[in-house]
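Okay, so the sequence shown: first residue is 138 according to my numbering, each after it adds one. Single-structure report; data block below.
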Amino acid sequence: MQKLRFAPSPTGQLHLGSARTAIFNWLYAKHTGGKFVLRIEDTDLSRSQEEYTASIIKDMQWMGMDYDEFYKQSERFPIYKSYIDKLVAEGKAYHCQCTKDDLIKRNQSRGIYDEVTKYDGHCRDKNLQPGPGTVVRVNIGPERDIIFKDVVKGRIAINTKELDDFVLWKSDGSPTYNFAVVIDDSLMGITTILRGEDHISNTAKQIILYEYLGFPIPTFGHLPMVFDTDRTPLSKRKGSTNIEYYRKQGILPEALLNYIARLGWSHGNDEIFMLEDLIKVFDITHLNKSNAVYDEKKMIWVNSKHMKLEPLHKVLKAFEIYLEDTGQVKVGRMQDNAWLSQAVDLLRSRSDTLADLYRDMIPYATEEYELDEKARELLPSLCTDTLEKAYQEAVHFILETSSYDATLEAALRQVAEKHTVAFKDLIQRIRIQLTGRTVSPDILSVMRLLSPVLKQRLSKKL
Ligand code: GLU
């Protein structure tokens, strides 16, 4: 059985790049009917913050990424310590008392300036005991190639010359990432690891540890980076890359997941996936080797498709979360759940985002609506005497019925015919009167949505 994991460090909010790593691992776990682990890598005690752990979990829940197991590395130090002791006892790791300054001085005195902190093995054979300020380093052993088959990039070979005796245990009593990650991935039974290509040299280091500890080596896949449309790496500084940003912009979680899944993975030319279909077709043989480009416009386009396609209850739920997260209030009839659900269903297919949906719903929900610019321009041409007469007669029919259906439409057509006005002009006149807009969903649905206030709207002085 496949077991995958997402292992964020809680040193910042969930970012689009790391969300993609989470999504790929999660999708592949779902695709294979396997398990998914969320592991918070908070061994760097000075940089990790509880609030980031909470926000990462919130973002994952919002996107619907559930997990079977949850761990925090800060609660597992005794486990890591027992393996450190084992490696030291077996001579595969050793205590080292060199400071960074010692190392820099020694390297510079040998004319090494580009990799000044690369470890020179100074304490390797000294058999030092632990003490204040000492660290534990791995002894990477004789020069050789570390070779693995990457599911994205193919065969990768890294010579140990490029590495050094890296630190496993820090002087503050905490494990390093490269050490804790191997212990955890092994003990948790992780079978496949998909992560950013910036981890390739870490993978070589980790393979040395798997071998030393006698653990089976998982399958690795290193994902190319995500770039902006201007070909610069996506950066947190640009602000548009935190998952929270998308939530506040009114993006549906299903759409965001769909969009992100296509950043570095493809299924023919398909762009729009409902989640269950995505899970069905998501395999790791179609991960792309080339860098992915993030395109905000395309993301919004994908969202507009999901606004139409998702089941109504999902759009409603996302709408509620959007309002809560942005501190926007439900105005007028939006407070009536049955009305809100009818309004969302009617208006969603015209809205690119939940933010648009909210804005477009306001004139339907309150009586403070006004004519927009286009309606103000068009209205005089629709206020001829004959059209006004036709309009008054139409109002009569509309107010007489409570079923806004084909019978009413036929009656309105007859009114137009009788007064020799174009049916579409009559409808446009009614539309402007009811909504203050020149475009709307079909007029009968609009009447149904506005039925509690039809009378006052139809006689409103514009
Ligand atoms: N905590 C590491 C990170 O956030 C995890 C890398 C990995 O997947 O092994 O980069």
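C-beta: ideal position from N, C-alpha, C; glycine also.
From the DSSP output, in three-state form, read off Asp302 for me.
The DSSP-derived three-state label of Asp302 is coil.
Counting only runs that start and end within the region 491-577, where is the alpha helix (DSSP H) found for 4 or more residues in a row?
Runs found: 491-502, 510-515, 522-537, 543-555 and 560-572.
Please confirm whether Leu360 and Val319 have their CB atoms less than 9 Å apart.
It is not a contact, given that the beta carbons lie outside the stated cut-off.
Got a sec? Which residues, its chain only, sit under 8 Å from Asn201 by beta carbon, not counting five neighbours each side?
Here residue 201 turns out to be Gly, not Asn, going by the sequence shown. In its chain, beyond the 5 residues on either side, Pro390, Glu391, Leu394 and Leu412 have a beta carbon closer than 8 Å to the beta carbon of Gly201.
Reference Gln343, options Ala317, Thr329, Val363 and Met325, closest by Cα
Residue nearest to Gln343 within the set Ala317, Thr329, Val363 and Met325 is Ala317 (criterion: CA-CA distance).
For Ser588, which residues in the same chain have their Cβ closer than 8 Å to its Cβ, ignoring the five residues on either side in sequence?
Within the same chain, and ignoring the five residues on either side of Ser588 in sequence, the residues whose Cβ sits closer than 8 Å to its Cβ are Ser539 and Tyr541.
Would a C-beta distance cut-off of 9 Å place Thr356 and Lys426 closer than the cut-off?
No, the pair does not count as a contact, with Cβ atoms beyond the cut-off.
Segment limits, beta strand (DSSP E) that includes Leu141
Residues Lys140 to Phe143.
Can the beta-carbon of Thr180 be found closer than 9 Å to that of Ser311?
Going by C-beta atoms, Thr180 is nearer than 9 Å to Ser311.
Residue interval of the alpha helix (DSSP H) (run including Val288)
Judged by DSSP secondary structure, Val288 falls outside any alpha helix (DSSP H); it is assigned neither H nor E.
Same chain, Cβ closer than 6 Å to Glu206, five either side skipped, listed in chain order
Listed in chain order, the non-local C-beta contacts of Glu206 below 6 Å within the same chain comprise Val174, local neighbours out to five positions each way being set aside.
Confirm the yes/no value for this check: CB of Arg184, any heavy atom of the ligand GLU, distance under 8 Å.
No, the Cβ of Arg184 stays beyond 8 Å of every heavy atom of the ligand GLU.
Would you check whether the ligand GLU has a heavy atom nearer than 8 Å to the C-beta of Ala166?
No, the Cβ of Ala166 stays beyond 8 Å of every heavy atom of the ligand GLU.
Say yes only if the C-beta of Gly333 is nearer than 8 Å to one or more non-hydrogen atoms of the ligand GLU, and no if none qualify.
Distance from the C-beta of Gly333 to the nearest heavy atom of the ligand GLU is below 8 Å.
Rounded to the nearest angstrom, what separates Gln565 and Gln551 at their Cα positions?
Linking Gln565 to Gln551 through their CA atoms gives a straight-line distance of about 16 Å.
Between Val318 and the ligand GLU, is there a pair consisting of the residue's CB and a ligand heavy atom that are separated by less than 8 Å?
It does: the Cβ of Val318 is within 8 Å (strictly closer) of some heavy atom of the ligand GLU.
Starting from the Cα of Lys195, find the closest Cα among Lys298, Gly270, Arg384 and Ile337 and give me that residue.
Ranking Lys298, Gly270, Arg384 and Ile337 by CA distance to the CA of Lys195 puts Arg384 first.
Bridge partners for Ile293 per DSSP, in chain order?
Note: Ile293 sits in a beta bridge opposite Phe285.
Which residue from Ile193, Met444, Gln386 and Tyr431 puts its Cα closest to that of Phe410?
A check of alpha carbon separations from Phe410 across Ile193, Met444, Gln386 and Tyr431 identifies Met444 as the nearest.
Would the beta-carbon of Tyr495 fall within 9 Å of that of Phe456?
A contact, by the Cβ cut-off of 9 Å.
How big is the Cα-Cα spacing for Tyr382 and Ser155?
Those two C-alpha atoms are separated by around 14 Å.
Any heavy atom of the ligand GLU within a distance shorter than 8 Å of the CB on Ile564?
In this structure, the C-beta of Ile564 stays at least 8 Å away from each heavy atom of the ligand GLU.
Among Pro269, Gly258, Arg292 and Pro267, nearest to Ile277 - alpha-carbon criterion:
Checked all of Pro269, Gly258, Arg292 and Pro267; the closest Cα to Ile277 is Gly258.
Have a look at Val275 and Asp407 and give me their C-alpha separation to the nearest angstrom.
In a straight line, the C-alpha of Val275 is about 47 Å away from that of Asp407.
Where does Ala502 land, buried or exposed, given buried means 16+ other C-beta within 10 angstroms?
Buried is the call here.
Can you give me the Cβ contacts of Asn162 inside the same chain, cut-off strictly under 6 Å, excluding the 5 residues immediately before and after it?
Result list for Asn162: Leu141, Phe143 and Leu331, in chain order.
Could I get the ranges of all uninterrupted beta strand (DSSP E) runs contained in the region 228-269, with 3 residues as the minimum, in chain order?
Here the runs fully enclosed are 230-233.
In this structure, does DSSP put Leu151 in helix, strand or coil?
In the structure shown, Leu151 falls within a coil segment according to DSSP collapsed to helix, strand and coil.
Could you tell me if the beta carbon of Ile409 falls within a distance shorter than 8 Å of some heavy atom in the ligand GLU?
Not under cutoff, so the answer is no.
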